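Asks: Residue numbers (my numbering): 22 to 351.
For every residue, glycine included, the Cβ atom is placed at its ideal position computed from N, Cα and C.
From a predicted model like this one, the values you see are computed outputs, not experimental measurements.
One structure, pasted below without further comment.
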Ligand SMILES: [Zn+2]
Ligand SMILES: [Zn+2]
């Protein structure tokens, strides 16, 4: 099969992946083999190839927002040809303290799709049968792909932030996750305040129904109950904290963050303001979000790339060019 392979370092600036003929994955017990129909490109993929996340393998096929059709390993529940989704959480041990306490996102022995095992920048991909999700029929594969990480983890961020109906919620930094979170917040009767440096992002936030949208150094005109930061920058966390009311919560949706500035306790944390990090996702997050996405008819904007354009797709995410989420279609 054809695959976009990361061999440990960029071959030239912005060229991280090489398009190669590689063996098709072998089916193993408890897994399904998928023909990849579409695979979303996530900022985490960029963190992996740029070395912000510890390299774990010499050779890796990235990609963890996979929409595929089952071609091998079918069961009664997962019949041949069924369209399913695969996300970042590719498996857990099921036995550690965290798995036993319903916090499988924090599992001690996790499998991460497109990081600890090969992912979906390829014509075929292998996935653990108990970590795949049936997908709503209403959307096509390219529009479903960004829901599988950006959507699910954006949704988890709202949960981690403890968002209540009617809350004033700030979104700091704007990308796929924030775009997909706005319809949910509006559905919950929340007011949405967006702070982002990109002019196109501000326009998109306005279009999606944000109450207020400001540039990166602007401060929301009201005190916020909750905030989620999406930019991989510590400064943004400080901006979000300084916009909170007493008792407010900031959830950091970033697998990697540049240096966190020193926090002024009296000004930023006193008054029971809290910072929480968002790590990975649970299967319940995925199922609940996908149900909500179907009911609310959430439809991300996408830019489609062919498999041989995988490097361009990564650069589109890095440079925040292109409309909406980047999606690779093999
Ligand atoms: Zn575990
Ligand atoms: Zn992701």
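State buried or exposed for residue 65, treating a residue as buried only when at least 16 other CB atoms are found within 10 Å of its CB.
Replies: Residue 65 is buried by the Cβ-count criterion.
Asks: Hey, residue 142 and residue 63: beta-carbon distance below 8 Å or not?
Replies: The answer is no: Cβ separation not under 8 Å.
Asks: Locate the beta strand (DSSP E) running through residue 107, then write down its first and last residues.
Replies: Here the beta strand (DSSP E) through residue 107 covers 104 to 107.
Asks: Go ahead and label residue 286 buried or exposed: buried means 16 or more other beta carbons lie within 10 angstroms of its beta carbon, across all protein chains shown.
Replies: So residue 286 ends up on the exposed side.
Asks: Whose CA, out of 139, 102, 129, 36, lies closest to the CA of residue 108?
Replies: When each option's Cα is compared against that of residue 108, the closest is 139.
Asks: Taking residue 197 as the reference, give the member of 261, 225, 283 with the closest Cα.
Replies: Per the Cα distances, 225.
Asks: Give the residues whose C-beta lies closer than 6 Å to at least one heavy atom of ligand 2, in chain order.
Replies: Having a Cβ closer than 6 Å to some heavy atom of ligand 2 are 63, 65, 85, 109, 170.
Asks: Is the beta carbon of residue 119 less than 8 Å from the beta carbon of residue 127?
Replies: Yes, they are a contact pair.
Asks: Hey, would you say the C-beta of residue 115 is under 7 Å away from at least one heavy atom of ligand 1?
Replies: Checking every heavy atom of ligand 1 against the Cβ of residue 115, one is found closer than 7 Å.
Asks: Runs of 4 residues minimum, wholly inside the stretch 274 to 330: which ones carry the alpha helix (DSSP H) assignment?
Replies: Counting only runs of 4 or more, we get 304 to 316.
Asks: In chain order, what residues of the same chain have a beta carbon less than 6 Å from the beta carbon of residue 231, not counting five sequence neighbours either side?
Replies: Contacts found: 213, 215.
Asks: Can the beta-carbon of residue 40 be found less than 8 Å from the beta-carbon of residue 328?
Replies: Contact: yes.
Asks: Thinking C-beta only, is residue 132 closer than 8 Å to residue 112?
Replies: Taking 8 Å as the Cβ cut-off, residue 112 and residue 132 qualify as a contacting pair.
Asks: Should residue 125 be listed as close to ligand 1, given that the test is whether its C-beta is under 7 Å from any heavy atom?
Replies: Result yes, Cβ under 7 Å from ligand 1.
Asks: So, helix, strand or coil for residue 197, using DSSP?
Replies: Helix.
Asks: Within 7 Å: the Cβ of residue 136 and any heavy atom of ligand 1?
Replies: Not under cutoff, so the answer is no.
Asks: Can you tell me the Cα-Cα spacing of residue 180 and residue 201, whole angstroms?
Replies: Going by the C-alpha atoms only, they are around 14 Å apart.
Asks: Considering only heavy atoms of ligand 1, does any lie closer than 7 Å to the CB of residue 211?
Replies: No, ligand 1 has no heavy atom inside 7 Å of this Cβ.
Asks: Quick one: what's got a C-beta closer than 8 Å to residue 278's C-beta in the same chain, skipping five residues either side?
Replies: Only 253, 254, 255, 258 meet the Cβ criterion.
Asks: Let me check understanding here. Comparing Cα to Cα, which of 283, 288, 250, 23 lies closest to residue 266?
Replies: Cα-wise, what sits closest to residue 266 is 288.
Asks: I need the boundaries of the beta strand (DSSP E) containing residue 243, first residue and last residue.
Replies: Counting along the chain, residue 243 falls outside any beta strand (DSSP E), and DSSP gives it neither H nor E.
Asks: On the criterion of 16 or more Cβ atoms from any shown chain inside 10 Å, does residue 33 qualify as buried, or is it exposed?
Replies: Burial call: exposed.
Asks: Since residue 23 sits in a beta bridge, which residues does DSSP pair it with?
Replies: Residue 23 is bridged to 42.
Asks: Could you give the first and the last residue of the continuous alpha helix (DSSP H) run that contains residue 90?
Replies: Taken as a continuous stretch (DSSP letters only), residue 90 belongs to no alpha helix (DSSP H), being part of the beta strand (DSSP E) at 87 to 93.
Asks: Under 8 Å by Cβ, that's how I've got residue 242 and residue 210 pegged, so tell me the actual separation to the nearest angstrom.
Replies: The pair is not a contact, with the Cβ atoms about 19 Å apart (cut-off 8 Å).
Asks: Quick check on DSSP: helix, strand or coil for residue 119?
Replies: DSSP places residue 119 in helix when its eight states are reduced to three.
Asks: So, at 8 Å on beta carbons, what are the nonlocal neighbours of residue 70 in its own chain, with the 5 sequence-adjacent residues on each side left out?
Replies: The answer, listed in chain order, is 27, 31, 37, 38, 83, 335.
Asks: Would you mind stating whether residue 146 and residue 57 have Cβ atoms separated by less than 8 Å?
Replies: Cβ distance < 8 Å, so residue 146 and residue 57 count as in contact.
Asks: Could you check where the alpha helix (DSSP H) with residue 259 kicks off and where it finishes?
Replies: Start and end: 255 to 262.
Asks: Is residue 322 closer than 8 Å to residue 292 when the C-beta atoms are compared?
Replies: No.
Asks: What first and last residue would you give for the alpha helix (DSSP H) that runs through residue 70?
Replies: First-last of the alpha helix (DSSP H) with residue 70: 64 to 70.
Asks: Where does residue 176 sit, in a helix, a strand or coil, going by DSSP?
Replies: DSSP places residue 176 in helix when its eight states are reduced to three.
Asks: Pull up the distance between the alpha-carbon of residue 165 and that of residue 284, whole angstroms please.
Replies: Rounded to whole angstroms, residue 165 to residue 284 spans 39 Å at the Cα level.
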